[in-house]
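J.: In my numbering, the protein residues as written are 46 to 316. Don't be surprised by glycine CBs; every beta carbon is placed ideally from N, CA and C. Just so it is clear, the structure is predicted and the values come from calculations on it, not from any experiment.
1) Could you tell me if residue 149 is buried or exposed, where buried requires 16 or more neighbouring beta carbons within 10 angstroms of its beta carbon?
2) According to the Cβ coordinates, are residue 185 and residue 193 closer than 8 Å?
3) Express the C-alpha separation of residue 230 and residue 250 in angstroms, rounding to a whole number.
4) What is the C-beta distance between residue 154 and residue 252, in whole angstroms, given that I count them as a contact (C-beta under 8 Å)?
5) Count the other CB atoms, across all protein chains shown, that sit within 10 Å of the CB of residue 99; report buried if there are 16 or more and exposed otherwise.
6) Which first and last residues belong to the beta strand (DSSP E) in which residue 91 is found?
7) State the DSSP-derived secondary structure class of residue 275, mapped to helix, strand or coil.
8) Closest to residue 179 by CA distance: which of 82, 170 and 161 is it?
9) Who are residue 144's beta bridge partners in DSSP?
10) What residue range is occupied by the uninterrupted beta strand (DSSP E) comprising residue 122?
11) Do you know how far the Cα of residue 171 is from the Cα of residue 202?
12) On a CA-only basis, which of 75, 107, 90 and 280 is nearest residue 115? Give me that one, please.
13) Evaluate residue 240 with the Cβ neighbour count: other Cβ atoms within 10 Å of its Cβ, from every protein chain shown; 16 or more gives buried, anything less gives exposed.
14) Between residue 281 and residue 121, what straight-line distance do the alpha-carbon atoms span, to the nearest angstrom?
15) Strictly by DSSP, which residues pair up with residue 244?
16) Under DSSP, the beta strand (DSSP E) around residue 262 begins and ends at which residues?
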């Protein structure tokens, strides 16, 4: 079931019987699965509520779906990780400005026996070339997410037409990161993952990080207030309060403090 901003406001208004007073202090953020599934929002949203009085509801989908939802005026804030599409979102008039929030990185994970021989490489493009040359299985999200977009951009640099091998060694799941990691583990396939999703994933089996450290695997996250002129239903005050908190010193420190198994998941980079 897809939860919309309208549905949330109606439920809150019906439950508390105070209508706009609740709506004015509630926002809907269209965001990515990686931020939500990592546990980041469980860590920071109580602090946002405490400091600003704003209740933040999250819709966690792939970046492509999040941007589409935002363009349909379903939400107040957009927080995703696909810089090119974020800039297009602003240029198309759906937001006045994009703000840097944080970053982490992408990694390529794979089975311990490493059929393509890419272990400990730090060149993602060369690693993908070896995967294709050996016809080793590769699981793609295939869902227009930020991770899928990054993967496709890397394949483009290889000169390999991986789509021509769809259904053989190139496996398109059309699913989120967790499901794609499960497919990779189940079929002994390599896959590209954001680091936070990998760290919280329980079903790792004998899989390991094979490729990391390539500057092309940089994974920045940006946040934007959906333009209230384009979308009159936007809660500008609530959305701005949330964004201001994220990019404040307090918000940036809270993001930096979020760890999984003792490892920092996101690195603040607000300007």
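T.: This is what the structure gives:
1) Position 104 of the chain shown, counted from the start, is the residue given in the question as residue 149. Buried, since its Cβ has 16 or more Cβ neighbours within 10 Å.
2) Here residue 185 is taken as the residue at index 140 of the chain shown, counted from 1. Here residue 193 is taken as the residue at index 148 of the chain shown, counted from 1. In contact: residue 185 and residue 193 (Cβ atoms closer than 8 Å).
3) For the purposes of this step, residue 250 is taken as residue 205 along the chain shown, with counting starting at 1. For the purposes of this step, residue 230 is taken as residue 185 along the chain shown, with counting starting at 1. Approximately 7 Å, taken between the alpha carbons.
4) Looking up residue 154 in the chain shown gives position 109. Looking up residue 252 in the chain shown gives position 207. So it is a contact: roughly 5 Å between Cβ atoms.
5) Residue 99 sits at position 54 when you count from the first residue of the chain shown. By the 10 Å Cβ count, residue 99 comes out buried.
6) Residue numbering aside, residue 91 sits at position 46 when the chain shown is read from its first letter. Not the beta strand (DSSP E): residue 91 falls in the alpha helix (DSSP H), residues 85-97.
7) On the chain shown, residue 275 is found 230 positions in, with the first residue counted as 1. If DSSP states are grouped into helix, strand and coil, residue 275 belongs with coil.
8) As a position in the chain shown, residue 179 is number 134, starting the count at 1. When only C-alpha atoms are compared, the closest one is 161.
9) As a first step, residue 144 must be located in the chain shown, where it is residue number 99. In DSSP, residue 144 forms a bridge with 268.
10) Along the chain shown, read from residue 1 onward, the residue named residue 122 stands at position 77. Run containing residue 122: 122-125, per the beta strand (DSSP E) assignment.
11) As a first step, residue 202 is located in the chain shown; it is residue number 157 there, counting from the start. As a first step, residue 171 is located in the chain shown; it is residue number 126 there, counting from the start. Near 9 Å, if we compare the C-alpha coordinates of residue 171 and residue 202.
12) Looking up residue 115 in the chain shown gives position 70. Residue 115 has its Cα closest to that of 75, out of 75, 107, 90 and 280.
13) Position 195 of the chain shown, counted from the first residue, corresponds to residue 240. Buried, because 16 or more other Cβ atoms sit within 10 Å of the Cβ of residue 240.
14) Counting from one through the chain shown, the residue named residue 281 turns up at place 236. Counting from one through the chain shown, the residue named residue 121 turns up at place 76. Distance between the alpha carbons of residue 281 and residue 121 is about 7 Å.
15) What you label residue 244 is simply residue 199 of the chain shown in a count that begins at 1. In the DSSP output, where bridge partners are listed per residue, residue 244 has none listed.
16) The residue labelled residue 262 in the question sits at position 217 within the chain shown. Run containing residue 262: none; DSSP gives neither H nor E here.
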